[in-house]
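Just so you know, we're using the numbering used here here: the sequence shown kicks off at 24 and counts up by one. All C-beta atoms in this analysis are idealised placements derived from N, C-alpha and C, irrespective of residue type, glycine included.
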Amino acid sequence: MGAPPAPKKAVVAVKTGKKPTGKVGKRGSTAPPLKPSALSTDAAIAELKGLDAVAKKERITELFQKTIGIQILVDKSKPHAASTTRDRAAAAADLATAAKELGTAYVLKECQVL
């Protein structure tokens, strides 16, 4: 009928001298933890809680604008750095800390973040 199939060749593993790492296949699977910058101390949190209602809303709005990358420049004639991912991540962590301390409903609804 036909010729028999050719025998399969044996696969030989080649040692490269490198040890396998534990991060194989997990690249980009988890986000780095966020670290607040402005609200990282208890004193800063107490200062935020002590503000009056208008100043509190203004501060929350400022944090939200930093989170989405909007920078409010007072003097545009001076050079300034652009918003970085690290700055926006720190502002997001500050906003989350404010929501935890002041209440999520207050930050999202009354400060009009949502």
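Beta carbon of residue i nearer than 8 Å to that of residue j
i, j, result
"D117", "L74", "no"
"C134", "I95", "no"
"G92", "S106", "yes"
Proximal residues to residue i (C-beta, below 7 Å), its chain only, five neighbours per side dropped
i, result
"K58", "A113, A116"
"T90", "R111, A114, A115, L118"
Outcome for residue i when other beta-carbon atoms lying within 10 angstroms are tallied against a minimum of 16
i, result
"T120", "buried"
"V136", "buried"
Residue i versus residue j - alpha carbon distance
i, j, result
"R111", "L62", "14 Å"
"P102", "K72", "33 Å"
"A67", "K80", "16 Å"
"P55", "A76", "33 Å"
"E70", "T108", "26 Å"
"V130", "S100", "33 Å"
"T53", "P27", "52 Å"
"A104", "K132", "31 Å"
"D65", "A78", "19 Å"
Residues of its chain near residue i, where Cβ-Cβ distance is below 6 Å and the 5 sequence neighbours each way are ignored
i, result
"E124", "I68"
"S60", "A113"
Along the chain, which unbroken stretches of the alpha helix (DSSP H) at least 4 residues long are found entirely within the region 56-94? 65-73, 76-90
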